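S.K.: Supplied in structure tokens, the structure appears directly below.
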Amino acid sequence: MDSSSYQEENSLFECASEQSVATYYKSLYTAVGQKILLDRLNTGRDFCKLMLILSLGAIPVYLLLFIMAIPYDSDAGKTAGMMILSPALLFLITAIVFAAGFLWVTAGPISDSVNEIERASRKIILRRNQFIALGSLCFLSASIVGMVGIVKAHL
72 MDSSSYQEEN SLFECASEQS VATYYKSLYT AVGQKILLDR LNTGRDFCKL
122 MLILSLGAIP VYLLLFIMAI PYDSDAGKTA GMMILSPALL FLITAIVFAA
172 GFLWVTAGPI SDSVNEIERA SRKIILRRNQ FIALGSLCFL SASIVGMVGI
222 VKAHL
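In my numbering, each residue's number is its place in the sequence shown (first place is 1) plus 71.
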């Protein structure tokens, strides 16, 4: 075998291996990119799911604590009754907001373009973050109103 045929075979091998390596890394980057995108989308969704569970669980916990804090035979009246129920209603509104954040998805198909996928994922994440902010505000206000109501009823 002469050196020129060896160099031709070697250069063909190098060219083929460079293409296969490039294809491998491209598919690896695509898979990693998809994993990162799915993780970004699922993080907010998982948080909404957790807060939905906590919001629904906070309703009976609040009512139980309130029942334990006030005497059984007391008559609070309509205004005080609404103050007693307002944290439970706020927790219910919080649960609805987090359920909307959990279930919200983009309308319409997403194309295969990287820019379109990125824009759609940003839109989903932005909308879910809005639901998270609103739900967190409701949860915080329900917690504060509930704590004030329990302390006020206990005293």
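Note that beta-carbon positions come from the ideal geometry of N, C-alpha and C, so glycine has one too. This one's a predicted model, so the numbers in the text were calculated from it and none came from an experiment.
Which one of Ile167, Arg190, Ala224, Arg198 has the shortest CA to CA distance from Leu125?
M.R.: Ile167
S.K.: In chain order, what residues of the same chain lie with their CB nearer than 6 Å to the CB of Arg199, ignoring the 5 residues before and after it?
M.R.: Gly115, Gly172
S.K.: Ordered along the chain, which non-local residues of its own chain (more than five positions away) have a Cβ less than 7 Å from that of Lys120?
M.R.: Cβ neighbours of Lys120 beyond the five flanking positions: Phe173.
S.K.: Gly220 and Met139 - do their beta-carbons sit closer together than 8 Å?
M.R.: Not in contact: Met139 and Gly220 (Cβ atoms no closer than 8 Å).
S.K.: Look at the alpha carbon of Glu187 and the alpha carbon of Asn113, and state the distance between them as a whole number of angstroms.
M.R.: 19 Å
S.K.: Is it the case that the Cβ atoms of Cys207 and Leu161 are separated by a distance below 8 Å?
M.R.: Per the sequence shown, the amino acid found at residue 207 is Ser instead of Cys. Cβ distance not < 8 Å, so Ser207 and Leu161 don't count as in contact.
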